[in-house]
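Report on one structure; see the data block that follows.
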Amino acid sequence: MLSRRSLAGLVGTGIFGAGTVAAGAAASAFAAPALAQDASESAFDRIRRTKKLRTAAVAGGAPYYHKDLASGQWRGFYVDMAKALATELEAELELSETTWGNAVLDLQANKIDMFFGLNPTPKRALVVDFSGPVFSNAFTVIAKKGFSPKSWAELNSPDVKLAVDVGSSHDAVVTRLCPKAQIVRFKSADEATLALSTGRVDAQCLILMLSLTVLKKNPALGQLVVPNPVFATTSNAGFRRERDKTLRDFVNTWIDYNKGLGFIRQTIVSNMELVGVSEADMPAGVSL
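Numbered according to mature numbering (1 follows the signal peptide of the UniProt record, and there is no 0), the sequence shown spans residues -36 to -1, 1 to 252.
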């Protein structure tokens, strides 16, 4: 359990967390090999030249990303989207492995061209660029049995203990909307879930995708609540900061086009099956 004083010394982790470190590179006094990326070459031009789109995936990040340990094959809705994006770019998809916390660092170090699954914040926007939203993810709470709040106002009470993972978007929204509640901060969402399961808190704040996943694994935890009014965060693609924004602009066009076709929603819903969640489990009135 962490106090508010502990926050300053921690780097946000978890599904939306990422550290922010300035990255630099020294220019070489010698000419690079002909096939190497020129220092002035944009990510888009490199992709078109090499016919390879470099991105990364997070093991254990289902339904966003999932690695089959037996076959080594990657699945997940962001894997499917990355494959479709690579096809549109007439490129082969190259997948490396990363963590939610290291994705921004991989972008800064030019290890990857883009990464699906970043929650944009002003601090992260200082060092990387973001696409428009791929989809929206409503903030929810898993409430213990016998506790049925219907609004954020009901949760904003000194009698309510709310668990969050420190530094996450869950922490940010609960801090803003429920300042009167007893906010109990943990190093990870898993630790916060454990506190709920052992009765140390009344509810845990999670984005919808995670709430559905957690409750499928352990229905005895409680019930899913989408407090009114509905607030949401977004899941976006991240890019290395560079002057040429062609790749970001292309991905934005790709996202908008495929939202209109229904491909984005279909891909998300079909991959929710990886964690046992069907479209019927989605709360009424909540859209992606």
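Where a beta carbon is used, it is the ideal one built from N, C-alpha and C, also for glycine.
The beta carbon of GLU52 is closer than 7 Å to those of TRP218 in its chain, skipping five residues each way along the sequence. In the DSSP assignment, GLU118 falls within the alpha helix (DSSP H) that extends over 116 to 119. For MET78, the three-state secondary structure derived from DSSP is strand. The stretch 206 to 213 and the stretch 84 to 91 do not touch, with fewer than three beta-carbon pairs separated by less than 8 Å.
Distance from the CA of MET78 to the CA of GLU56, rounded to the nearest whole angstrom, comes to 14 Å. Under the Cβ criterion (8 Å, minimum of three pairs), the stretch 6 to 24 counts as touching the stretch 69 to 85.
For the set SER115, LEU119, VAL105, GLU155, the Cα lying nearest the Cα of HIS134 is the one of VAL105. CA-to-CA, the gap between LEU252 and SER4 works out to about 38 Å.
Using a C-beta cut-off of 8 Å, the stretch 154 to 162 makes no contact with the stretch 193 to 208, since fewer than three inter-stretch Cβ pairs fall below that distance.
The C-beta distance from GLN168 to ALA156 rounds to 5 Å, short enough to meet the 8 Å contact threshold. Here the alpha carbons of ALA67 and PHE103 stand approximately 23 Å from one another. Counting along the chain, LEU238 sits inside no beta strand (DSSP E), nor does DSSP assign it H or E at all. Fully contained in the stretch 19 to 95 are the following alpha helix (DSSP H) runs of length 4 or more, in chain order: 41 to 52, 67 to 72.
In the DSSP assignment, the residues bridged to GLY202 are PHE79, PHE94. Annotation: THR177 to ALA20 spans about 22 Å, alpha carbon to alpha carbon.
Within the same chain, PHE79, VAL92, GLY202, PHE203, ARG204 come within 7 Å of LEU71 by CB-CB distance, once the 5 residues on both sides are set aside.
Contact between the stretch 37 to 53 and the stretch 227 to 238 is present: 3 or more CB-CB pairs across the two stretches fall below 8 Å. Cβ neighbours of LYS181 within its own chain (closer than 6 Å, five residues either side excluded): none. Following the DSSP letters along the chain, one finds VAL189 inside the beta strand (DSSP E) bounded by residues 187 to 189.
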